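Enquirer: Handing you a structure now.
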Amino acid sequence: MTTTHNFEGRVFVVTGSARGLGYAMAKRLVASNARVVLTDIDEAAVENAAAELGEAAQPRVSNVEDTAALPKLVEDIERQIGPIFGLVNNAGIFNKKAGWEISDEEWETILRINLSGSMAMTRECLRYMRPRKEGAIVMISSLAGLAGLPTSIGYVTTKTAVIGMARSLATDLGPDNIRCNAICPGVIDTEMTRKVFHGDPGRLAKLQSRISLPRLAQPEEIASMVAFLCSDDAAYVTGQAIAVDGGFAAGL
Ligand SMILES: NC(=O)c1ccc[n+]([C@@H]2O[C@H](COP(=O)([O-])OP(=O)(O)OC[C@H]3O[C@@H](n4cnc5c(N)ncnc54)[C@H](O)[C@@H]3O)[C@@H](O)[C@H]2O)c1
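Be aware that the sequence shown starts at 3, since it is given in our numbering, and climbs by one per residue.
Here's what the structure looks like:
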């Protein structure tokens, strides 16, 4: 792993980081000398994940849907771990339904996790971050939030909305020296993707052949963009939606 940033003395929170992209982000930040709080709904997995990363990583069981519990979570992190410098709103779910078939419950669930959870975590962290006048927030959107995706109305809607959230926050938080950007990953080799293509390797191969770099991304390739956006190298980058998609959209 190439580690070019130094986050010594900085605390990060990465939601949904027991596995997949979130875990890779936490690992990358720890490798760059940060202290990282991994939050996830999966208690056993988040504890194992943090243990694998060593002392600089701390697990917290948290469901981003349970917004009433987030003030206490953030307060405890500030008190027990240290002042939060960076927040990565990564926790998210996928729902493969079109606009004529999604139920109220499915719609509300994906909105609560992918959208309201990110807003509530951001608001709670900002209570502490704003007075300190420094920090970085990253929203994990998707290429689906930039370009769309068939039969995925809940996913496309929420991933588009978090780009708007990043732009709005960037505008409001500039005077506080807090930057906010969105990353739009293409297709990444994680459990979420494996579930979507389960039992249909032909469809996955066809998809890969349409990507300019004809392969899936590894989670580490998204994690390195998180590290860059949270670093001083990105000091003048805010309000952006950055695709990390192997040139997929460029070839559409
Ligand atoms: N995998 C991809 O190809 C891809 C592409 C673009 C964007 N993304 C986005 O990246 C993010 C991570 O995706 P992934 O592929 O690593 O997913 P994943 O399903 O492998 O991991 C998601 C993690 O989030 C946790 N989680 C789920 N619901 C939660 C909740 N309510 N509260 C807290 N934690 C919760 C899960 O337990 C899991 O550990 C998601 O926001 C996803 O939409 C993924």
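No residue lacks a Cβ here, since even glycine has one placed at the ideal position from N, Cα and C. In this text, all values refer to a predicted model and were calculated from it rather than measured experimentally.
1. Output the distance between the C-alpha atoms of Ser-214 and Asp-78, rounded to the nearest integer angstrom.
2. Cβ of Gly-101 within 7 Å of any heavy atom in ligand 1?
3. Per DSSP, what are the beta-bridge partners of Arg-37 in this structure?
4. Apart from the five residues just before and just after Ala-229, which ones in its own chain have a Cβ nearer than 7 Å to its Cβ?
5. Is the distance from the Cβ of Arg-134 to the Cβ of Pro-177 below 8 Å?
6. Name the residue from Thr-159, Leu-89, Val-16 and Leu-75 whose alpha carbon lies nearest to the alpha carbon of Trp-109.
7. Note down the Cα distance separating Gly-56 from Gly-249, rounded to an integer number of angstroms.
8. Does the region 237-249 come within contact of the region 186-195, defined as at least 3 CB pairs closer than 8 Å?
9. Determine the contact status of Ile-83 and Asn-116, defining contact as a CB-CB distance below 8 Å.
10. List the DSSP bridge partners of Arg-181.
11. For the beta strand (DSSP E) that contains Asn-92, what are its first and last residues?
12. Within the same chain, show all residues whose beta-carbon is closer than 6 Å to that of Ala-172, passing over the 5 residues directly before and after it, in chain order.
13. Taking the alpha-carbon positions, what's the Ala-146 to Ala-163 distance?
14. Whose C-beta lies closer than 7 Å to the C-beta of Asn-92 among residues of the same chain, with five residues either side of it excluded?
15. Compute the Euclidean distance between the alpha carbons of Val-63 and Pro-216, then round it to the nearest angstrom.
16. State the DSSP-derived secondary structure class of Ile-244, mapped to helix, strand or coil.
Expert: Judging by the given coordinates:
1. 44 Å
2. no
3. Val-13.
4. His-7, Arg-30, Leu-31 and Ser-34
5. no
6. Thr-159
7. 35 Å
8. yes
9. no
10. Looking at the DSSP assignment, Arg-181 forms a beta bridge with Ala-138.
11. Segment: none, Asn-92 is in no beta strand (DSSP E) and carries neither H nor E.
12. Cys-182, Thr-240 and Gly-241
13. 11 Å
14. Val-16, Thr-17, Gly-18, Ser-19, Leu-23, Gly-24, Met-27 and Ile-142
15. 37 Å
16. strand
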